[in-house]
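Start counting the sequence shown at 9; every next residue gets the next number (this note's numbering). I have placed the structure first, in the form of structure tokens, so that the comments after it can refer back to it.
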Amino acid sequence: MLLSGATERRTLVTSEFFSDIASTVLSKTLDAQAARQKAIANNIANVETPGYKRQYVSFEEELRHVLERKGGHDIREGLRGLAPRLLTDSVSPSRPDGNNVNIDAEIADLAKVSLKYKAAATLLEDKIAMLRNAIKEGK
9 MLLSGATERR
19 TLVTSEFFSD
29 IASTVLSKTL
39 DAQAARQKAI
49 ANNIANVETP
59 GYKRQYVSFE
69 EELRHVLERK
79 GGHDIREGLR
89 GLAPRLLTDS
99 VSPSRPDGNN
109 VNIDAEIADL
119 AKVSLKYKAA
129 ATLLEDKIAM
139 LRNAIKEGK
């Protein structure tokens, strides 16, 4: 498909904009927080299920490891393969029925995750608004 000069430039700018490290980190963070919300909802739904082990999402440590690498190319490569991992908590103490979900902790975690999701979404929205303003001023 052939694009007009302005459309082609806009497409390249948009592609470049969303491939930057900050946007990728924000996007991956949103994915991780959404996965956390799902895991917490699952834990809450199974709070009375005998033998159920709570699930949690691992993400920040892997992200930290990727960001500590030297050079932009290494970071981009690391981010490309980065995804939240769903793990089972088999270490926390269980109740007599074998379930280890603490409903109070899950509700507190859900509130934290919601705030983190909202913060990351707001930052990404601000970045998009900046791009829109740049495009409008370039017309």
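We treat Cβ as the ideally placed atom computed from N, Cα and C, and that holds for glycine. Since the model is a prediction, treat every value here as computed from it, not as a measurement.
Just verifying my parser: in three-state terms, what is the DSSP assignment at residue i?
i      : result
Val99  : coil
Leu94  : strand
Val65  : strand
Glu133 : helix
Tyr60  : coil
Out of the options, state which residue places its alpha-carbon closest to the alpha-carbon of residue i.
i     : options                      : result
Asn54 : Ala30, Glu114, Leu131, Ala42 : Glu114
Glu70 : Leu94, Ile52, Ile48          : Leu94
Less than 6 Å between C-beta atoms, sequence neighbours within five positions excluded: which residues of the same chain meet that for residue i?
i      : result
Met138 : none
Under a Cβ-count criterion, where at least 16 other Cβ atoms within 10 Å of its own Cβ denotes burial, should residue i be classed as buried or exposed?
i      : result
Lys120 : exposed
Arg62  : buried
Asn141 : exposed
Could you check how far apart the C-beta atoms of residue i and residue j are, in whole angstroms? I think they sit under 8 Å.
i     : j     : result
Ile29 : Ile83 : 6 Å
Val74 : Leu90 : 6 Å
Counting only the same chain and skipping the five closest in sequence on each side, list residues whose C-beta sits under 8 Å from that of residue i.
i      : result
Ala42  : Tyr125
Gly148 : Since the first residue of the chain shown is 9 and the last is 147, residue 148 is not available in this structure.
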